[in-house]
Structure formats: C-alpha cells, structure tokens
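Before any comments, here is the structure.
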Amino acid sequence: MFDDLSSSSDSDAKDKEKKSFLVPPKKDSRSWKEKPVHTLLGGGEAADIFLWRSKKKSAGILGFATIVWALFEMIEYHLLSLLCHVLILVLGVHFLWSNRLYLIYRCPEFPQVALDEDTVLQAALVLRLEIYDLFV
455 MFDDLSSSSD SDAKDKEKKS FLVPPKKDSR SWKEKPVHTL LGGGEAADIF
505 LWRSKKKSAG ILGFATIVWA LFEMIEYHLL SLLCHVLILV LGVHFLWSNR
555 LYLIYRCPEF PQVALDEDTV LQAALVLRLE IYDLFV
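Each residue of the sequence shown is one higher than the last, beginning at 455 in the working numbering.
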C-alpha cells in the first residue's frame with residue numbers, strides 16, 4: 455500500500471521535471487541574405503561603429519588608425535622606437551609622480567638604531583657555529 459503511494463509520487467515528480475524544461479527558442483528561418491547587416495555584425499556596439507551609427511567613436515578610431523599608418527609608413531617610424539619612447543615617457547611620469555607624492559606626504563623619520571661592534575661580532579660568531587654544527 456505504501457509502495458504504491460511512493461511510486462505514484464515519484465512518477466508525478468518526474469512528470470513535473472519533464473514539464474519544467476524550457477523549449478529552446480526557434481531559430482530565425484531567414485537566410486543571411488535577408489537579415490539586416492546590423493544583425494549580421496553582431497548587433498552590438500561594434501556593429502554601430504562599423505556602420506557609422508556612432509559617428510564620434512567611428513571617427514576617433516579612423517583618426518587613430520590614420521595617425522598610426524602615417525607614423526609607420528610615411529615617416530618611417532619603427533615599432534621598437536615607438537615602444538621605447540612610450541616606455542621612457544611612462545618611466546618619467548612615474549618618477550615625477552612618485553617625487554610629487556614624496557614632497558606632499560613626507561614619511562616620519564625613524565630613530566637610528568646603533569649596535570656595538572662587539573655585539574654584532576658575537577652574534578655572527580654564534581650564528582657561524584650553529585650553521586657549522588648543522589652541516590657536520
């Protein structure tokens with residue numbers, strides 16, 4: 455009697471699990487020739503830039519690419535030279551930034567610690583003997 459109830463509740467749970475699955479969305483049956491170009495390019499911001507819907511971003515990218523082309527082709531500037539100059543500029547900015555922060559936020563001065571020479575020699579002797587005992 456109890457077995458029948460448990461088996462029927464198990465089958466009900468299985469039926470609910472089967473019904474709870476989502477149906478996959480239908481694919482667009484149109485061919486690629488019938489779809490808009492914006493959709494074919496992904497439909498996002500990149501498609502907007504390619505299709506000049508975002509005019510400022512598209513013009514900025516075109517201007518940057520033109521400057522890079524002019525540097526490398528017309529002026530015969532080399533990539534390694536550009537990389538070195540950029541790294542020197544970054545190093546200079548970092549140096550100036552760190553010095554400016556040092557002038558604004560000065561670190562507190564700590565008192566100097568002075569040890570006697572005899573104390574240091576005694577500690578070195580003890581340390582040397584301990585290391586020697588470890589190897590022997």
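Note that CB positions come from ideal geometry on N, CA and C, so glycine has one too. Model, not experiment: these values are computed from the prediction.
By the beta-carbon neighbour count (other beta carbons within 10 angstroms, threshold 16), residue 542 is exposed.
Residue range 533-558 is occupied by the alpha helix (DSSP H) that includes residue 552.
522 is the residue among 548, 546, 522, 511 whose C-alpha sits nearest the C-alpha of residue 536. If you draw a straight line from the Cα of residue 517 to the Cα of residue 511, it comes to about 10 Å.
The beta carbon of residue 495 lies closer than 8 Å to those of 501, 504, 505 in the same chain, with the five residues before and after it left out. Boundaries of the alpha helix (DSSP H) harbouring residue 503: 499-504, taken from the DSSP string.
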